[in-house]
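These notes concern the structure reproduced below.
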Amino acid sequence: MAYRNPTPTVDIIIELVDRPHRPIVLIERQNSPYGWALPGGFLDYGESAETAAQREAQEETSMLVELIEQFHVYSDPNRDPRQHTMSVVFIATATGEPQAGDDAKVVGIFESWRIPSNLCFDHDRILRDYWRYRHYGIRPQLS
């Protein structure tokens, strides 16, 4: 019997701690699905989620990040239209000016009240959960 499992991914909420209101970094995707997204991507074989998060952040934003905490795992089978993925989401901090790289067409810096409406995957849910956590200390509910 062949087993099929979700593909492990990471997403990184990068807070720019050298700016007022600690805005976050989003990328506009160069590849389908198109739209804005948290930096992130697939784990390489033999790579930890933490290492993948730091690598993806650097590849897509040119930023060296410090991982602060593992935030939550998102695993809804419909979160990625390409395949069933399971994402470990990290909160990280960085300073400086992000630059688009890898599969990021554009990189943007956004405060909570300026988040684009065309977010990919389930990143709208992730960011809603993140803002609730940041403002009220409420962790995401298991679903």
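In the numbering used here, the protein residues as written are 4 to 146.
We treat Cβ as the ideally placed atom computed from N, Cα and C, and that holds for glycine.
A quick note: this is a predicted structure, and the numbers were derived from the prediction, not measured.
Query                                                                                                                                                                  : Result
What do you get for H162, buried or exposed, if any count of 16 or more other CB atoms within 10 angstroms of its CB means buried?                                     : In the structure as shown, the chain starts at 4 and stops at 146, and residue 162 therefore has no counterpart that could be examined.
Can you list, in chain order, the residues of its chain with a C-beta nearer than 6 Å to that of G44? Leave out the 5 residues immediately preceding and following it. : E59
So the beta strand (DSSP E) Y77 belongs to, where does it begin and stop?                                                                                              : 69-77
Decide if A40 is buried, meaning its Cβ has at least 16 other Cβ atoms within 10 Å, or exposed.                                                                        : buried
Among all the DSSP beta bridges, which residues are the ones paired with V28?                                                                                          : I112
Should I129 be labelled buried (16 or more other beta-carbon atoms within 10 Å of its own) or exposed?                                                                 : buried
With 16 as the cutoff for other CB atoms within 10 Å, does Y6 come out buried or exposed?                                                                              : exposed
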